[in-house]
Amino acid sequence: MDTIHRIIISLLAISAAFSPNNIRAKGAETASLPQSEVIEPLSEVPFHKGVNINGWFDRHVSQVNPDKIKDSELDNLCSLGMDVVRLPVNFHSNIGSAPDYRISDSYLAYLDEVVNRITSRGLWVIIDHHSLSVETFPQDGEALITSCLKQLALRYKGRDKIVLELFNEPFGDYLQNNWPEMQGRIIKAIRSCDTERILIATPWGCYPERLSELPEYDDPRVIYTFHYYNPLMFTHQDAYWDENLKYLSGYPFPYDASRMPEIHPHWQNEPYLTYLYNNYPNDATADKIREDITKAAEWATQHGKLLFCGELGVLNSAKPADRYRWYKAVSNILAEKNIPWTLWQYNDQQLINFSIFTGAQIFSQLDTEMMEAMGVNLPEEFASGPRPLTIYGDGTGSWCNMRTDKNGGDKYLDYYCKDNPAEGKECIRYNVMNPNGGVWFEIWLCANASNLQASGANLEFMARTTDKIKSLEFYFQHYVDGAPRQWRMSATVSSDGNTSATRQLSPDGEWHKISIPLSEMQYHGCDGEWKDQPDEGEAGFDWSRLNWLMVTPSGDKTASGKTIYLDDIKITTPQKDNKIYRQQGNKTQKAVF
Numbered sequence: 005m006d007t008i009h010r011i012i013i014s015l016l017a018i019s020a021a022f023s024p025n026n027i028r029a030k031g032a033e034t035a036s037l038p039q040s041e042v043i044e045p046l047s048e049v050p051f052h053k054g055v056n057i058n059g060w061f062d063r064h065v066s067q068v069n070p071d072k073i074k075d076s077e078l079d080n081l082c083s084l085g086m087d088v089v090r091l092p093v094n095f096h097s098n099i100g101s102a103p104d105y106r107i108s109d110s111y112l113a114y115l116d117e118v119v120n121r122i123t124s125r126g127l128w129v130i131i132d133h134h135s136l137s138v139e140t141f142p143q144d145g146e147a148l149i150t151s152c153l154k155q156l157a158l159r160y161k162g163r164d165k166i167v168l169e170l171f172n173e174p175f176g177d178y179l180q181n182n183w184p185e186m187q188g189r190i191i192k193a194i195r196s197c198d199t200e201r202i203l204i205a206t207p208w209g210c211y212p213e214r215l216s217e218l219p220e221y222d223d224p225r226v227i228y229t230f231h232y233y234n235p236l237m238f239t240h241q242d243a244y245w246d247e248n249l250k251y252l253s254g255y256p257f258p259y260d261a262s263r264m265p266e267i268h269p270h271w272q273n274e275p276y277l278t279y280l281y282n283n284y285p286n287d288a289t290a291d292k293i294r295e296d297i298t299k300a301a302e303w304a305t306q307h308g309k310l311l312f313c314g315e316l317g318v319l320n321s322a323k324p325a326d327r328y329r330w331y332k333a334v335s336n337i338l339a340e341k342n343i344p345w346t347l348w349q350y351n352d353q354q355l356i357n358f359s360i361f362t363g364a365q366i367f368s369q370l371d372t373e374m375m376e377a378m379g380v381n382l383p384e385e386f387a388s389g390p391r392p393l394t395i396y397g398d399g400t401g402s403w404c405n406m407r408t409d410k411n412g413g414d415k416y417l418d419y420y421c422k423d424n425p426a427e428g429k430e431c432i433r434y435n436v437m438n439p440n441g442g443v444w445f446e447i448w449l450c451a452n453a454s455n456l457q458a459s460g461a462n463l464e465f466m467a468r469t470t471d472k473i474k475s476l477e478f479y480f481q482h483y484v485d486g487a488p489r490q491w492r493m494s495a496t497v498s499s500d501g502n503t504s505a506t507r508q509l510s511p512d513g514e515w516h517k518i519s520i521p522l523s524e525m526q527y528h529g530c531d532g533e534w535k536d537q538p539d540e541g542e543a544g545f546d547w548s549r550l551n552w553l554m555v556t557p558s559g560d561k562t563a564s565g566k567t568i569y570l571d572d573i574k575i576t577t578p579q580k581d582n583k584i585y586r587q588q589g590n591k592t593q594k595a596v597f
């Protein structure tokens, strides 16, 4: 069932639940636990702000890489003042058969490793059951969830900073009618083996307005969660996975009649879609956000419950200024009501995403305006302007793929050469075999270097060679419409005195620091010609979507058989001097170029 239909079903269900003929005293229903079984009631949620790291454990064990998120990335989250990671996990793809539903040993071993890495930094981790199709109910769904959560409760018994979330966004007709009571039974089953573990309970769909339908779970170590994406027409516009939302584009926040798009033809003949469109002026306001979250907070206060917003976010297909206004509106009311939160999401491999980064998923690409809107105190290094974008340095991150030389292979291109690197332990050794090949970096997700380019940044790298190479081209390409365009920004380096090259490199075998302002790079149009600016009708080069960096002889056959070493490749803001660094032996010295 797509997202829009889920929302409408929820609205209709709420309306029916409060009709005069169908009023139920939910507060009178309980899923009671003997009070002696539960100790140390929670007085507050022990964490405050964080992020969801999906795409890591929400898959089969064969696709899990425990090192996907580096220690440095977890440290970076700590430096932002975040104190919790919500970790979606997939039980359904990693269990044995009924009735034990034993979780895979290898999956648990990976999970142990990552839980240890997270908690050792003082971060809390929420292990979020983020799997299981609604079609498994009523046959074996409850038994499966119960068994898996009990296994984790026993495995981590006595461990601090580990929270179990029972189910992410339970949907479907069966769960709509049965989830509240089922959840009570699951809580009671977990308490039979661990009375202290903090648990997170959820209403059907994780909608804040459905919290009132939950019974009174008599358990003082349960936190109640909701997700917030209202209005969906704004937060999910251009959602490629939804047959209705993918048609939306340009919706403003807050509502602005002068910027409001016409209703899409696909929506015009669908009553529930036209209802959402017509109600957008009421839904897309800070006041409506305040009203929604205030109602959830009032429910929690009335029932003596602790509340947590487990997901919130806006797709980056919305206008940036509108996104930041939405984040600010949500952040303000969450802070006022003292409701902790975890953003959706840390990372994603799709161009359209909720990521906390503006481009490539590295800390230098952090969306600082989003962080500020959410009330996150940024480290000092972000106050001085754009941070450098490192493309290569002792290998590279998962966001940047290093490719082999076209038609050359690893024998001719070594990204992990340990022969006298300029920095760290490794450098690149490029033995030219194919004059049309090269050193090739695929940057994915695309890096956003627009702020760096606007600030006068340089392409900077270390290089050394003993060969005379007429010209090596260093060029960037950007990503448009599913493929990198031929349009590129290019510069050349020569070690044989070619005066037409952008920079010269002495063939003395020593390391030299080469710095080329991005403003000096030439535009290479899609017609293959060099030019100072795009032709009329050409979009030109987009520095916000860097997709490739390539180093190539560009067809120069005289380069064949020659070798160059490269290291520490980055886009960085200008330095105070224009000197290069020359390495003699193991000592690096400044030298005038």
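In our numbering, the protein residues as written are 5 to 597. Built from N, CA and C at the ideal position, the CB exists for glycine as well. All figures in this text were calculated on a predicted structure; none of them were measured in a lab.
Just verifying my parser: in three-state terms, what is the DSSP assignment at Ser475?
Residue 475 sits at position 471 when you count from the first residue of the sequence shown. The answer is coil: DSSP assigns Ser475 none of H, G, I, E or B.
Trp444 - partner residues in DSSP beta bridges
The residue given as residue 444 occupies position 440 in the sequence shown. Partner(s): Arg407 and Met554.
If you compare alpha carbons, which of Ala193, Ile149 and Asn320 is closest to Gly254?
The sequence position of residue 254 within the sequence shown is 250, counting from 1. Checking every option, the nearest Cα to that of Gly254 belongs to Asn320.
Could you name the residues that DSSP lists as bridge partners for Ala467?
Taking the first residue of the sequence shown as 1, we reach residue 467 at position 463. DSSP output for Ala467 lists His516 and Leu570 as bridge partner(s).
Using the Cβ count rule (16 or more neighbours within 10 Å means buried), how would you classify Gln353?
By 1-based counting over the sequence shown, the position of residue 353 is 349. Taking all protein chains in view, the Cβ of Gln353 is surrounded by fewer than 16 other Cβ atoms within 10 Å, so the residue is classified as exposed.
Ignoring anything shorter than 3 residues, give me the beta strand (DSSP E) runs that lie fully in the segment 57-136, in order along the chain.
Qualifying beta strand (DSSP E) stretches, in chain order: 88-93 and 128-133.
Where do the ends of the beta strand (DSSP E) carrying Arg433 lie?
By 1-based counting over the sequence shown, the position of residue 433 is 429. Looking at the DSSP string, the run of the beta strand (DSSP E) that includes Arg433 is Cys431 to Asn435.
Applying the 10 Å Cβ sphere with the 16-neighbour rule, what's the burial state of Tyr244?
As a working note, residue 244 is residue 240 in the sequence shown. Sixteen is the threshold: since fewer than 16 other Cβ atoms of the shown chains lie within 10 Å of the Cβ of Tyr244, the residue is exposed.
Mind checking Pro578: buried by the 16 CB within 10 Å criterion, or exposed?
Locating residue 578 in the sequence shown gives position 574, counting from the first residue. Of the other Cβ atoms in all chains shown, fewer than 16 fall within 10 Å of the Cβ of Pro578; this residue is therefore exposed.
Could you check whether the Cβ of Tyr160 sits closer than 6 Å to any heavy atom belonging to the ligand HEM?
In the structure on display, the ligand HEM does not appear, and there are no ligands present to speak of.
Should Asp71 go down as buried or exposed, given a rule of 16 or more other Cβ atoms within 10 Å for buried?
The residue you call residue 71 lines up with position 67 of the sequence shown. Around the beta carbon of Asp71, a 10 Å sphere encloses fewer than 16 other beta carbons of the protein chains shown; the residue is thus reported as exposed.
Within a Cβ cutoff of 8 Å, which residues of the same chain sit near Lys250, ignoring the five residues on either side of it in sequence?
Within the sequence shown, residue 250 is the residue found at index 246, counting from 1. These residues qualify, in order along the chain: Asp242, Ala243 and Tyr244.
Where Thr305 falls, given that 16 or more other Cβ within 10 Å makes a residue buried:
Here residue 305 refers to the residue found at position 301 when the sequence shown is read from its first residue. Within 10 angstroms of the beta-carbon of Thr305 lie fewer than 16 other beta-carbons, which makes it exposed.
Rounded to whole angstroms, what is the Cα-Cα separation between Ile432 and Leu553?
Sequence index remark: in the sequence shown, residue 432 carries index 428 (1-based). Sequence index remark: in the sequence shown, residue 553 carries index 549 (1-based). Going from the Cα of Ile432 to the Cα of Leu553 covers about 14 Å.
Quick check on this structure: which residue in Glu200, Asn98 and Asn405 has the alpha carbon closest to the alpha carbon of Ser151?
Taking the first residue of the sequence shown as position 1, residue 151 is located at position 147. Of the residues Glu200, Asn98 and Asn405, the one whose Cα lies closest to the Cα of Ser151 is Asn98.
Along the chain, where does the beta strand (DSSP E) containing Ile395 start, and where does it finish?
Position 391 of the sequence shown, counting from 1, holds the residue named residue 395. Leu393 to Tyr396 is the span of the beta strand (DSSP E), which, as asked, contains Ile395.
Where does Cys197 land, buried or exposed, given buried means 16+ other C-beta within 10 angstroms?
Residue 197 sits at position 193 when you count from the first residue of the sequence shown. So Cys197 ends up on the exposed side.
Report back the beta-carbon spacing between Thr239 and Gly54 to the nearest angstrom; my notes put them in contact at under 8 Å.
One-based indexing of the sequence shown puts residue 239 at position 235. One-based indexing of the sequence shown puts residue 54 at position 50. Contact flag wrong, Cβ pair sits at about 19 Å.
Are the CB atoms of Glu173 and Gly209 within a distance shorter than 7 Å?
Along the sequence shown, one-based indexing puts residue 209 at 205. Along the sequence shown, one-based indexing puts residue 173 at 169. Judged by beta-carbon spacing, Glu173 lies within the 7 Å limit of Gly209, meaning their Cβ atoms are closer than that value.
Coil, strand or helix - Lys53 by DSSP
As a first step, residue 53 must be located in the sequence shown, where it is residue number 49. Looking at Lys53 - three-state DSSP - the assignment turns out to be strand.
Helix, strand or coil for Phe312, going by three-state DSSP, please let me know.
Along the sequence shown, read from residue 1 onward, the residue named residue 312 stands at position 308. In the structure shown, Phe312 sits in a strand (DSSP, three-state: E or B).
Going straight from the alpha carbon of Thr229 to that of Pro390, what length do you get?
Here residue 229 refers to the residue found at position 225 when the sequence shown is read from its first residue. Here residue 390 refers to the residue found at position 386 when the sequence shown is read from its first residue. Between the C-alpha atoms of Thr229 and Pro390 there is a straight-line separation of about 36 Å.
Just how far apart, CA to CA, sit Lys422 and Glu430?
Position 418 of the sequence shown holds residue 422. Position 426 of the sequence shown holds residue 430. The alpha-carbon separation between Lys422 and Glu430 amounts to approximately 5 Å.
Can you tell me the Cβ-Cβ gap for Val484 and Gly565, rounded? I've got them flagged as a contact below 8 Å.
Here the question's residue 484 lines up with position 480 in the sequence shown. Here the question's residue 565 lines up with position 561 in the sequence shown. With a Cβ gap of about 36 Å, Val484 and Gly565 do not count as contacting.
Output needed for Val89: all residues of its chain with C-beta closer than 6 Å, excluding positions within five of it in sequence on either side, in chain order.
By one-based count along the sequence shown, residue 89 stands at place 85. Gly54, Ile57, Ile122, Leu127 and Val129, listed in sequence order.
May I have the straight-line CA-CA distance separating Thr567 from Leu509, to the nearest angstrom?
As a working note, residue 567 is residue 563 in the sequence shown. As a working note, residue 509 is residue 505 in the sequence shown. When rounded, the distance between both Cα atoms is 13 Å.
Here's a check: name, in chain order, each residue in its chain whose Cβ is nearer than 6 Å to the Cβ of Thr362, leaving out the five neighbours to either side.
As a first step, residue 362 is located in the sequence shown; it is residue number 358 there, counting from the start. The answer, listed in chain order, is Gln369, Asp371 and Asn452.
For Asp471, which option in Gly513, Trp491 and Glu446 has the closest C-alpha, if you only look at C-alpha atoms?
Taking the sequence shown and counting its residues from 1, the one referred to as residue 471 is at position 467. Checked all of Gly513, Trp491 and Glu446; the closest Cα to Asp471 is Gly513.
Pairwise C-alpha distance: Ile337 and Leu299
Within the sequence shown, residue 299 is the residue found at index 295, counting from 1. Within the sequence shown, residue 337 is the residue found at index 333, counting from 1. The amino acid at residue 299 is misidentified as Leu; the sequence shows Lys. Between Lys299 and Ile337, the C-alpha separation is close to 11 Å.
Between the segment 441-456 and the segment 545-559, can you find at least three pairs of beta-carbon atoms closer than 8 Å?
As far as the Cβ criterion goes, the segment 545-559 touches the segment 441-456, which means the pair count is three or higher.
May I have the straight-line CA-CA distance separating Tyr276 from Gly145, to the nearest angstrom?
Reading the sequence shown from its first residue, position 272 is the one you call residue 276. Reading the sequence shown from its first residue, position 141 is the one you call residue 145. Roughly 31 Å separates the two Cα atoms.
Which stretch, first to last residue, makes up the beta strand (DSSP E) that contains Cys152?
To locate residue 152, count along the sequence shown from 1; it is residue 148. Bounds of any beta strand (DSSP E) do not take in Cys152; it lies within the alpha helix (DSSP H) bounded by Gly145 to Arg159.
Terminal residues of the continuous beta strand (DSSP E) containing Thr305?
One-based indexing of the sequence shown puts residue 305 at position 301. Premise fails: Thr305 lies in the alpha helix (DSSP H), Ala290 to His307, not in any beta strand (DSSP E).
Which complete alpha helix (DSSP H) runs does the segment 222-303 hold, if anything under 4 residues is left out?
Segments of the alpha helix (DSSP H) lying fully in the segment 222-303: 236-239, 269-272, 275-282 and 284-287.
Which whole-angstrom value describes the C-beta separation of Asn351 and Gly59, a residue pair presumed to lie in contact below a C-beta threshold of 8 Å?
Residue 351 sits at position 347 when you count from the first residue of the sequence shown. Residue 59 sits at position 55 when you count from the first residue of the sequence shown. At roughly 6 Å, the Cβ-Cβ gap stays under 8 Å, so Asn351 and Gly59 are in contact.
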